[in-house]
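Colleague: Going down the list, the protein sequences come from chains A and B. Per our numbering: the first sequence ends with 343, consecutive numbering throughout. Per our numbering: the second sequence ends with 325, consecutive numbering throughout. Sharing a structure here in structure tokens format.
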Amino acid sequence: MFFFTCLSARDVPGDLHSTPNISNPNGYASGNLETGLPSSRKYASFRRFSLHKPPSSREINKANNLSQKIEPEQISLLIGKDWHLHYVTPLYKFSHSAIRSYSRQLSAFIAAEKQKGVPFDMGSDNIFRVNFSIILGIAEKEGDSEAVFIQIYTKQFFAIQGTTENVIWSGWLACVNCNTEYISSLPPRFTYFPLFCSNGPETMTAIVRTWFQKTFDCNFGNLSINYSNLSWLAAIWTDCKQTVDFKYLKLSWTLPLRPPLDVTYTINSEDGWELWNSIHKENDQITLEEMGQFMYVLESHFFRHFKVHLTFGELIEVSTSLGVVQKNGRIKFLSGERMTAILTLLTENAVLMMPV
Amino acid sequence: MEYTVAKFLQKTLNKIPVSGLRRILEEWDFLSPAQLRSLDSAKYGPALRLKVLALCEENHVQTKHVIELDMIYNHAYSTKRNWSVFQFYEQQELTYTMKVTEFVEQFTANLKQLTSHVSVVIKQFEDDALLIRVAWGDNFKRPNHFFPTYAVYHPHSPYVFISHLGIKQRPLLLQALLIAAKYTDIKEIQLKGRCLKSLRDLVMRHFKPIPCPKASQEISASHPNITNEHAKHQAYLKLVADDAFGEGTLPLLETAVFKLETKFKDPVNRILENKTDPFRCVIKFSSPNLLESLKSSVELGIVNGALSPLLTSISLKARNHFVIKERMPTNAPGP
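Quick look at the structure:
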């Protein structure tokens, strides 16, 4: 299981962690809780767990670069923006062929919300236009739905003719390498996009979410990224070093002291790569053990100098010049490198977070 | 941006928080008491600032007046700036009474000799500190009043605190300071922070941890009562914390940066054992009050016993920028 292996990698005897490690991975807690459930429920939850079990290794298809599959303009839509992550339950009666009418419907819905007097911080005399489009190529497997990209443009009502519209909000729904068993178990007429990313004013995100909830009978929730997923991303980005050069790997922690202490740990990319290379064995995949060991030795190196356990705190951000990801569910891609692997990870995380 | 007195005044006023504006205007003493009273009608920030601007223009405000206002603001709100600490070495002649006027004259004359188009204003505040404001220009440009360099110098102490010093202006300012203060050498010590008083306390060793000799004896005692044991342990941790940091308020520092170039050691898995070069990383600690955070880390038991020597040296050596290097064997045979 996921966290168990993670722990065993961390519990390496040595003079470093001489006090017991107090970090309590969630895996332990959920394992204990399950024993208290009635047998039928236990079976159900076990079934669910086995369906959504995170993998112990990850494919990092180097040849499978997004830039070869997707138009460069479409990739550039995703890069450089700070995306706020959400999970979504399956959409009922969603159809890729009806996106033109969805554009009209959502535009009308925004106008109606504005009329209703919903507090609008985006200018009261602005008009909004919505555009739905499909990004072909992000989806990997057969069962994955093609990604849908939504942009909301705004223009002043009394604008002079010829003024260009500004994009004030954008968002996209994606499904990358989702569990086929789960998708096939869905009733007919459901389309599944576990991952929803938004960028723009919060009020607009809320309106778009409401429209989706009303139209497709689905539900949204904020997606946070836990320690192990942040560690996966750190490993995936470090592994990119063999194809693209980047300058640093920065891990940010916050320790619960009075007042709270922030620690940023910036690792020289060449030395980080050398360290990763000595841990990483196979070329095409990263295993859980490798990832756990990578983080463990970095934390021990810190402990050796400062005698402070980073595990007392929380990992809140991983950033490199290829991208930034934060614990509270924010991600920013600065390059298209390994995007498929990262989106697979996020899709998985969204499926796990979704209440069933 | 084209320079006008009005623009300079407006920018300076915008920096001052509304809550402190009245006090600063009173200290500035440019507006008449009647004019100050008339400000009472304007309640909100922007309106208040506009009114002050209009009144100043009425009084024919000049650049030198605004410079004074800027200096009063920077003295009152010195925490808005990031200060670096410089230390003088080897005093040329042992003078117990350094005349402030002499320092001011020497400094101004020297700096003007070194570069043309420079505006220097020095003001002494009640705490004896000299606040030096230098706005730099060059042969073709008038001094840029929007980005001045500030320096704080306490006569009779070998320290000077400088903020916002460009790389080109650095040798000029340091040389002028050296000649005026009659020293032969000046070096930057690796300490930066926002609170001037704390920086001064740290470098002048006004802050000294009080060692508690009892600390090491308490640990071996064993108690059957768990509550008691816990309380004892807490008391012990507090003693260790006080041992490292002393009691009472700690100097205020926001950051500490460690540049580590040390060997990567992994005795268990022997990763990177044959790497001869050091492992390079930079570790930055930041907190609203760094020393207080570190003290609480000992009290909460997050560190094993005492704090690591690297972290204690922040207060002991009065520094917060460190480069840690290890002597590396050239052709490393394994241990």
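Just so you know, even glycine gets a beta-carbon here, dropped at the ideal spot from N, CA and C. Remember, it's a predicted structure, so these values are computed and weren't measured experimentally.
Just confirm the distance between the C-beta atoms of I170(A) and G130(A), as a whole number of angstroms; I'd bet it's less than 8 Å.
Modeller: At roughly 4 Å, the Cβ-Cβ gap stays under 8 Å, so I170(A) and G130(A) are in contact.
Colleague: Pull up the distance between the alpha-carbon of A68(A) and that of S322(A), whole angstroms please.
Modeller: Per the sequence presented here, residue 68(A) reads as Lys, with Ala not at that position. Taking the straight line from one Cα to the other gives about 11 Å.
Colleague: Keeping to the same chain, check which residues put their C-beta closer than 6 Å to that of C185(B); ignore five residues upstream and five downstream.
Modeller: Answer for C185(B): T69 and L242, listed in chain order.
Colleague: What ranges does the alpha helix (DSSP H) occupy inside the region 246 to 321 of chain A, keeping only unbroken runs of at least 4 residues that lie completely in it?
Modeller: 256 to 266 and 275 to 293, all fully within the region 246 to 321 of chain A.
Colleague: Indicate whether the contact test is met: 3 or more Cβ pairs, each with one atom in the region 321 to 335 of chain A and one in the region 260 to 270 of chain A, closer than 8 Å.
Modeller: These segments do not touch.
Colleague: Taking 9 Å as the threshold (beta carbon to beta carbon), is L262(A) in contact with chain B?
Modeller: For L262(A), the answer is yes, since a Cβ of chain B falls inside 9 Å of its Cβ.
Colleague: Exposed or buried, L330(A), counting other C-beta atoms within 10 Å across all chains shown (16 or more means buried)?
Modeller: Under this definition L330(A) is a buried residue.
Colleague: Helix, strand or coil: how does DSSP classify T252(B) here?
Modeller: Strand at T252(B).
Colleague: So, at 6 Å on beta carbons, what are the nonlocal neighbours of Y79(B) in its own chain, with the 5 sequence-adjacent residues on each side left out?
Modeller: Around Y79(B): D175.
Colleague: In chain A, which residues lie less than 7 Å from K255(B) when you measure between Cβ atoms?
Modeller: Those are R291, listed as they occur along chain A.
Colleague: Please classify V231(A) as buried or exposed, where buried requires at least 16 neighbouring CB atoms within 10 angstroms.
Modeller: With fewer than 16 other Cβ atoms within 10 Å, it is exposed.
Colleague: May I ask which residues mark the beginning and end of the beta strand (DSSP E) holding Q180(B)?
Modeller: Element bounds for Q180(B): Y173 to G183.
Colleague: With respect to the alpha helix (DSSP H) encompassing T190(A), which residues constitute its N-terminal and C-terminal limits?
Modeller: Looking at the DSSP string, the run of the alpha helix (DSSP H) that includes T190(A) is E189 to F203.
Colleague: Rounded to whole angstroms, what is the Cα-Cα separation between A(-4)(B) and V56(B)?
Modeller: Rounded to whole angstroms, A(-4)(B) to V56(B) spans 9 Å at the Cα level.
Colleague: Could you spell out where the beta strand (DSSP E) holding V124(B) opens and where it closes?
Modeller: Its beta strand (DSSP E) spans residues L120 to W126.
Colleague: Does the CB of N72(B) have a neighbour CB from chain A at under 9 Å?
Modeller: With 9 Å as the cut-off, N72(B) does not count as an interface residue toward chain A.
Colleague: From L160(A) to I254(A), what distance separates their C-alpha atoms?
Modeller: Distance between the alpha carbons of L160(A) and I254(A) is about 34 Å.
Colleague: Tell me the residue span of the alpha helix (DSSP H) that contains D226(A).
Modeller: Unbroken alpha helix (DSSP H) run through D226(A): Y214 to D226.
Colleague: Taking only beta-carbon positions, decide if S210(B) is within less than 9 Å of chain A.
Modeller: For S210(B), the predicted structure reports a pLDDT of 48, less than 50, and the residue's modelled location is therefore unreliable. A value from the coordinates is still provided. Taking Cβ atoms only, chain A never reaches closer than 9 Å to S210(B), which makes this a no.
Colleague: Quick one: does D267(B) have its CB under 9 Å from some CB of chain A?
Modeller: True, the Cβ-Cβ gap to chain A drops below 9 Å.
Colleague: Can you find at least 3 beta carbon pairs, one from the region 144 to 151 of chain A and one from the region 174 to 192 of chain A, that sit closer than 8 Å?
Modeller: Too few Cβ pairs lie closer than 8 Å, so no.
Colleague: If you reduce the DSSP assignment to three classes, tell me which class D69(A) lands in.
Modeller: Strand, per DSSP.
Colleague: What residue range does the beta strand (DSSP E) around V272(B) cover?
Modeller: V272(B) -> beta strand (DSSP E) spans F269 to S276.
Colleague: Would you grab the beta carbon distance between S276(B) and D112(A) for me? Rounded to a whole angstrom, and I think it's under 8 Å.
Modeller: No, S276(B) and D112(A) are not in contact; Cβ-Cβ is about 43 Å, not under 8 Å.
Colleague: Out of P133(B), A119(B) and F130(B), point me to the one whose CA is closest to I152(B)'s CA.
Modeller: Of P133(B), A119(B) and F130(B), the residue nearest in Cα terms is A119(B).
Colleague: If you measure beta-carbon to beta-carbon, which residues of the region 126 to 158 of chain B are closer than 9 Å to chain A?
Modeller: Against chain A - using a Cβ distance shorter than 9 Å - the region 126 to 158 of chain B contributes no residues.
Colleague: Touch check for the region 294 to 304 of chain B and the region 227 to 244 of chain B: three-plus C-beta pairs under 8 Å?
Modeller: Taking 8 Å as the limit for Cβ pairs, the verdict is that the region 227 to 244 of chain B does touch the region 294 to 304 of chain B.
Colleague: Answer with buried or exposed for N49(B), where buried requires no fewer than 16 other C-beta atoms within 10 angstroms of its C-beta.
Modeller: Exposed, since its Cβ has fewer than 16 Cβ neighbours within 10 Å.
Colleague: Report yes or no: is there a C-beta of chain B within less than 9 Å of the C-beta of E257(A)?
Modeller: E257(A) counts as touching chain B.
Colleague: Which residues in the same chain have their Cβ closer than 8 Å to the Cβ of V193(B), if we skip the five residues on either side of it in sequence?
Modeller: Counting only Cβ-Cβ distances below 8 Å, and skipping sequence neighbours, we find V75, Q77, Y149, I179, L181 and A308.
Colleague: I'd like to know whether the C-beta of Y252(A) is nearer than 9 Å to at least one C-beta of chain B.
Modeller: Closer than 9 Å: yes.
Colleague: Please confirm if K380(A) has its CB atom under 9 Å from at least one CB of chain B.
Modeller: With chain A covering -12 to 343 only, the question about residue 380(A) has no answer from this structure.
Colleague: Could you give the residue range of the alpha helix (DSSP H) that holds F115(A)?
Modeller: Not the alpha helix (DSSP H): F115(A) falls in the beta strand (DSSP E), residues N113 to I122.
Colleague: Is the Cβ of F299(A) closer than 9 Å to any Cβ of chain B?
Modeller: It does; some Cβ of chain B falls within 9 Å.
Colleague: For the region 269 to 289 of chain B, list every residue whose C-beta sits within 7 Å of some C-beta in chain A, in sequence order.
Modeller: Cβ contacts with chain A come from F269, R270, C271, V272, I273, K274, F275, S276, S277, P278, N279, E282, S283, S286 and S287.
Colleague: How would you list, in chain order, the residues of chain A whose beta-carbon sits under 8 Å from the beta-carbon of S298(B)?
Modeller: What S298(B) touches in chain A: H292, F293, K294 and V295.
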